[in-house]
Amino acid sequence: MPSWEQFLKRIEVKQKDGEAEVWQNNRWLNRDNVPLPAHRRLWGFWTYTGLWVLTSMNVSGLSQGASLLGLGLTVGEAMAVVVVGQILIPCLMLSTATIGAYWHISFPMWNRVVWGMIAAYFPLVNRIILSITWNATQGWFGAQCLKVFLGSMFPSIYRMKNTLPASTYMDNADFMCFALFTLLCIPLILIPPERIRIPVMMGAGMAFVASSCLFIWSLARAHGAGPLLTTEGLSFVGVPRATGSAKAWAFLYGISTQAGSLCAGILNQSDYSRFAGRPRQTFMAIGIVAPICGILTCFIGITLASVAGQFYPKQGLIWTVYILLRTIQENGGPGARAAVFFCGFAFTCSQLGINLTGNLYSGGVDLTSIWPKYLNIRRGAYFTLAVSVAMCPWYLLFGSSAFLSVMGGYGVFLGPITGIMVFDYFFVHKRKIKLTNLYECSPASIYYYHKGVNWRAPVAWVCAVAPVLPGFIAHVGKNINVPDGVTKLYYLCYPFAFTTAGVVYLALCTIFPVAGVGEVDEYDVFGTFGPAESAPEGTTPIEKEQATVEVVPVNDRATFVV
Numbered sequence: 040m041p042s043w044e045q046f047l048k049r050i051e052v053k054q055k056d057g058e059a060e061v062w063q064n065n066r067w068l069n070r071d072n073v074p075l076p077a078h079r080r081l082w083g084f085w086t087y088t089g090l091w092v093l094t095s096m097n098v099s100g101l102s103q104g105a106s107l108l109g110l111g112l113t114v115g116e117a118m119a120v121v122v123v124g125q126i127l128i129p130c131l132m133l134s135t136a137t138i139g140a141y142w143h144i145s146f147p148m149w150n151r152v153v154w155g156m157i158a159a160y161f162p163l164v165n166r167i168i169l170s171i172t173w174n175a176t177q178g179w180f181g182a183q184c185l186k187v188f189l190g191s192m193f194p195s196i197y198r199m200k201n202t203l204p205a206s207t208y209m210d211n212a213d214f215m216c217f218a219l220f221t222l223l224c225i226p227l228i229l230i231p232p233e234r235i236r237i238p239v240m241m242g243a244g245m246a247f248v249a250s251s252c253l254f255i256w257s258l259a260r261a262h263g264a265g266p267l268l269t270t271e272g273l274s275f276v277g278v279p280r281a282t283g284s285a286k287a288w289a290f291l292y293g294i295s296t297q298a299g300s301l302c303a304g305i306l307n308q309s310d311y312s313r314f315a316g317r318p319r320q321t322f323m324a325i326g327i328v329a330p331i332c333g334i335l336t337c338f339i340g341i342t343l344a345s346v347a348g349q350f351y352p353k354q355g356l357i358w359t360v361y362i363l364l365r366t367i368q369e370n371g372g373p374g375a376r377a378a379v380f381f382c383g384f385a386f387t388c389s390q391l392g393i394n395l396t397g398n399l400y401s402g403g404v405d406l407t408s409i410w411p412k413y414l415n416i417r418r419g420a421y422f423t424l425a426v427s428v429a430m431c432p433w434y435l436l437f438g439s440s441a442f443l444s445v446m447g448g449y450g451v452f453l454g455p456i457t458g459i460m461v462f463d464y465f466f467v468h469k470r471k472i473k474l475t476n477l478y479e480c481s482p483a484s485i486y487y488y489h490k491g492v493n494w495r496a497p498v499a500w501v502c503a504v505a506p507v508l509p510g511f512i513a514h515v516g517k518n519i520n521v522p523d524g525v526t527k528l529y530y531l532c533y534p535f536a537f538t539t540a541g542v543v544y545l546a547l548c549t550i551f552p553v554a555g556v557g558e559v560d561e562y563d564v565f566g567t568f569g570p571a572e573s574a575p576e577g578t579t580p581i582e583k584e585q586a587t588v589e590v591v592p593v594n595d596r597a598t599f600v601v
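Letter by letter, the sequence shown follows residues 40 to 601 in our numbering.
As structure tokens, then:
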């Protein structure tokens, strides 16, 4: 029988032939959490474009307009909120993408700079919880899209005999489709993140075409955008129109919730930007593609719901695309089934793409830094998938409204983490990172601070969370009464917490300066900054991959192309 030590040795993450000796696994390092070398940075502008189309044009994205109309805003007012939010969110994402684009490190490594080698586990665990939770919920949405796709070919799936109790909030067909969707995720995880370009672009293309076709169909059928876009639209929804100060607070709350809904993606944007061949490729996608997709998707979603409400009034207001597709099939002929077949397939692929890139890879990256010797991105992604299934998303979505309220308001906790990271990088460490010290947990590392903890970060986090926590508790508890001022402060939770945490952290670092500010490595130990990074415009990914990466002084990056 093999000994325990032999078993652990056998399951260690194996390095690839030819990798530098310094990359050999230890407690803090493996090939997936070191600064990404040039031959693995294969994402270009179109890859990031596909990623943002996937992030926007999915089940959740097409439904987000409902929350804004539910605040008592008209469609015009809601779209104004969306435009402001889609200007704010890219600004936040650009600030968190910078370190990955220039230093090629992931979100967990960035937190070692800010929180210290040991305390960095706190933001890391928060992000892992979100990856698992959103993978579960998005997986359920994907299963519903898959059910619609199969139902377009085999309508009997909707009449499948159900043997499950009502307390499960699903039937046998739902469970079968969820199991199939989960199984589809398993082979996709085998694709390394740097090689995901083609699947992402294919999924994005299908989602864009399907959303556009549904949008054109709705306008043509209703000869307009339906009743929601008229002055009587809010009465159609059954929500009183907000006026005066209530409207102003609804505007602010709508902007804050948009940022809060994407708080996880804002937080770990460096996980994606580090794969960029050149920094401007990800910056252009964030600054141009992301806001256009966000605004367009919200308007398409509201229009689809508006037209559906006009033609299928017995169904109530339909905000979810897979319910709309099923309704179209039930009320249409063979042509409708063909359209539902294509759209169901497209949105299933879209959900697979967003789950893979937004949740499974993110969970894998974070878990890699929890236990680098035994976990890489692939193993971490499989762990994320397994735990998300164990969370029983069918119960979370239908039987636990308090849990969803907690997840929806999680920006209260992630906003301060993001603010501290951004203020530290730009104003405290002056955009300089000593990469080798990120993988040494000892007093010799400038990021060890005091026993692995930079006390300034947790203090700033508490100062930002404490004022909005009562409003968050009232939001989750529903029956808990708090003063009106506390509620309104919660309406601003993300921008308030982000700014407060950053300012407090900067003040603490000014009063109690951190050591090692401005230090960088004398040499490029990890082979991160080589010829492939400074290759001329037009160099293909294959040529970049084949370029020889030399060990050069970090301060000699004169040919670095922005």
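Don't be surprised by glycine CBs; every beta carbon is placed ideally from N, CA and C.
Model, not experiment: these values are computed from the prediction.
Quiz item: Just reading off the alpha helix (DSSP H) that Pro147 is part of, what are its end residues?
Solution: Phe146 to Trp154
Practice problem: Could you pull the start and end residues of the alpha helix (DSSP H) that Lys186 belongs to? | Solution: Tyr160 to Met192
Exercise. If I'm right that Gly448 touches Gly299 with Cβ under 8 Å, what's the distance once you round it to whole angstroms?
Key: 7 Å
Quiz item: Should Lys241 be labelled buried (16 or more other beta-carbon atoms within 10 Å of its own) or exposed?
Solution: Just to set this straight, residue 241 is Met in the shown sequence, not Lys. Its Cβ having fewer than 16 others within 10 Å, Met241 is exposed.
Self-check item: As assigned by DSSP and simplified to three states, the class of Val515
Solution: helix
Practice problem: Take Leu291 as the anchor and find which of Met215, Ala540 and Tyr530 has the nearest alpha-carbon. | Solution: Tyr530
Quiz item: How about Val239 and Gly89: do their beta carbons lie closer than 7 Å?
Solution: yes
Practice problem: Given a cut-off of 7 Å, decide if Leu335 and Ala243 are closer than it, judged by their beta-carbon atoms. | Solution: no
Quiz item: Under 7 Å, do Leu127 and Ala117 count as touching if we go by C-beta distance?
Solution: no
Exercise. Give me the Cβ distance between Gly181 and Gln390, rounded to the nearest whole Å; I'm assuming they're in contact under 8 Å.
Key: 3 Å
Quiz item: For Trp358, does the three-state DSSP call read helix, strand or coil?
Solution: coil
Exercise. Could you name the residues of the same chain whose beta carbon sits closer than 6 Å to that of Cys502, not counting the 5 residues immediately before and after it, in chain order?
Key: Val543
Quiz item: Apart from the five residues on each side of it in sequence, which residues of its chain come closer than 7 Å, Cβ to Cβ, to Trp179?
Solution: Phe217, Pro432, Trp433 and Leu436
Quiz item: Can you find a heavy atom of the ligand COA that lies under 6 Å from the Cβ of Val504?
Solution: With respect to small molecules bound, the structure shown includes none, and the ligand COA cannot be examined in it.
Quiz item: Using a Cβ-Cβ cut-off of 6 Å (strictly less than) and excluding sequence neighbours within five positions of Gln125, which residues of its own chain qualify?
Solution: Pro330, Gly333 and Ile334
Quiz item: Considering only C-alpha positions, which residue in the set Val461, Phe254 and Pro411 is nearest to Arg70?
Solution: Pro411
Quiz item: Relative to the alpha-carbon of Met148, which residue among Ser345, Ile339 and Val73 has its alpha-carbon at the smallest distance?
Solution: Val73
Exercise. Sort Val504, Gly372, Ser408 and Asn518 by Cα distance to Tyr478 and report the nearest one.
Key: Ser408
Practice problem: Report all residues from its chain with a CB closer than 8 Å to the CB of Leu203; omit the five preceding and five following residues, and keep chain order. | Solution: Met209, Asp210, Asn211 and Phe214
Quiz item: Can you list, in chain order, the residues of its chain whose CB lies under 7 Å from that of Ile512, leaving out five sequence neighbours each side?
Solution: Ile519
Quiz item: Roughly how many whole angstroms lie between the Cα atoms of Ala375 and Gln368?
Solution: 5 Å
Quiz prompt | Residue from His143, Leu112, Lys48 and Val122 with nearest C-alpha to Lys473 | solution = His143
Quiz prompt | Per-residue DSSP class, three states only, for His143 | solution = coil
Self-check item: Cβ distance (whole Å) where Val553 is taken to contact Asn493 below 8 Å
Solution: 7 Å
Quiz item: Counting along the chain, where does the alpha helix (DSSP H) carrying Arg66 start and finish?
Solution: Note, Arg66: premise wrong, no alpha helix (DSSP H); not H, not E.
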